[in-house]
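K.L.:
Here it is, the structure in full.
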Amino acid sequence: CAARGVVYWLGSQLYVQLTNRARGLSLVASRGPAFQMPASSGFAPLEAEPTVDAVVAAVLDAYANDERKKALGQDVGRTRRADGGATDPGVAFAGLGDPLLRWPDVAEITRRVREHHEVPISLYTNGLLP
1 CAARGVVYWL GSQLYVQLTN RARGLSLVAS RGPAFQMPAS SGFAPLEAEP TVDAVVAAVL
61 DAYANDERKK ALGQDVGRTR RADGGATDPG VAFAGLGDPL LRWPDVAEIT RRVREHHEVP
121 ISLYTNGLLP
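For the sequence shown, this note's numbering puts the final residue at 130, and the numbers step up evenly by one.
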């Protein structure tokens, strides 16, 4: 099981949180003081920044064991169905902090996850480079 806050969910979209740190205003903070993630998402501030190994293990565990990914059936890991519809939304790097602050880790996690699942990867950032 991943440490609290490392992964969270919105629908079948798996989000990975690497840091609470941000340069400037984080995306979560930019939504205003009343913004809250749904309780069902599992979102929480990180207690500590996870290692690359811990994140890879959490993502692979989600693809192997979580019902939100299992419900995609044969379309898990596919970006398009035969009829052109979207399937697996994949993995998104986002969270309280800015994933660009750990860009080398984002690249390594992506490489290692894609050794197992050729899934879409997205990154949400405020765009301020470290």
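Heads up, the beta-carbon is just placed ideally off N, CA and C, and yes, glycines get one too. All of these numbers come straight from a predicted model, not from anything done at the bench.
(1) Name the residue from VAL55, ARG23, SER30 whose alpha carbon lies nearest to the alpha carbon of ALA92.
(2) Along the chain, where does the alpha helix (DSSP H) containing ALA57 start, and where does it finish?
(3) For ALA48, which residues from the same chain have a beta carbon less than 8 Å from its beta carbon, with the 5 sequence-adjacent residues on both sides left out?
(4) Assuming ARG51 contacts LEU101 under a Cβ cut-off of 8 Å, what Cβ separation, rounded to an integer in Å, is found between them?
(5) What is the rounded straight-line gap between the Cα of TYR124 and the Cα of GLY24?
(6) Output needed for ILE121: all residues of its chain with C-beta closer than 8 Å, excluding positions within five of it in sequence on either side, in chain order.
(7) Helix or strand or just coil, what does DSSP make of ALA92?
(8) Using DSSP with H/G/I as helix, E/B as strand and the rest coil, what is LEU101?
(9) Who are the near neighbours of LEU10 in its chain, counting only those whose CB is closer than 7 Å to its CB and skipping five residues on each side?
(10) Which value, in whole angstroms, describes the spacing of the CA atoms of ASN126 and ASP98?
(11) What is the residue span of the beta strand (DSSP E) that ASP16 lies within?
(12) If you draw a straight line from the alpha carbon of GLY134 to that of VAL16, how long is it in whole angstroms?
P.N.:
So, from the listed chains and residues:
(1) One-based indexing of the sequence shown puts residue 92 at position 92. Of VAL55, ARG23, SER30, the residue nearest in Cα terms is VAL55.
(2) One-based indexing of the sequence shown puts residue 57 at position 57. Run containing ALA57: 52–65, per the alpha helix (DSSP H) assignment.
(3) The sequence position of residue 48 within the sequence shown is 48, counting from 1. Within the same chain, ALA48 has close Cβ partners ALA3.
(4) For this step, residue 51 is matched to residue 51 along the sequence shown. For this step, residue 101 is matched to residue 101 along the sequence shown. The amino acid at residue 51 is misidentified as Arg; the sequence shows Thr. Contact flag wrong, Cβ pair sits at about 15 Å.
(5) As a first step, residue 124 is located in the sequence shown; it is residue number 124 there, counting from the start. As a first step, residue 24 is located in the sequence shown; it is residue number 24 there, counting from the start. Near 14 Å, if we compare the C-alpha coordinates of GLY24 and TYR124.
(6) Start at 1 with the first residue of the sequence shown, and residue 121 comes out as number 121. Only GLY90, VAL91, ALA92, PHE93, THR110, VAL113, ARG114 meet the Cβ criterion.
(7) Looking up residue 92 in the sequence shown gives position 92. The answer is strand: DSSP assigns ALA92 an E or B state.
(8) Here residue 101 is taken as the residue at index 101 of the sequence shown, counted from 1. Three-state result, LEU101: helix.
(9) On the sequence shown, position 10 is the one that residue 10 refers to. Correct list, in chain order: SER41.
(10) Stepping through the sequence shown from its first residue, residue 126 is reached at position 126. Stepping through the sequence shown from its first residue, residue 98 is reached at position 98. Each residue's Cα considered, the two are about 7 Å apart.
(11) Position 16 of the sequence shown, counting from 1, holds the residue named residue 16. Position check: residue 16 holds Val in this sequence, whereas Asp was assumed. It spans 13–17 - the beta strand (DSSP E) in which VAL16 sits, taken as one unbroken run.
(12) With the chain running from 1 to 130 in the structure shown, residue 134 is simply not present.
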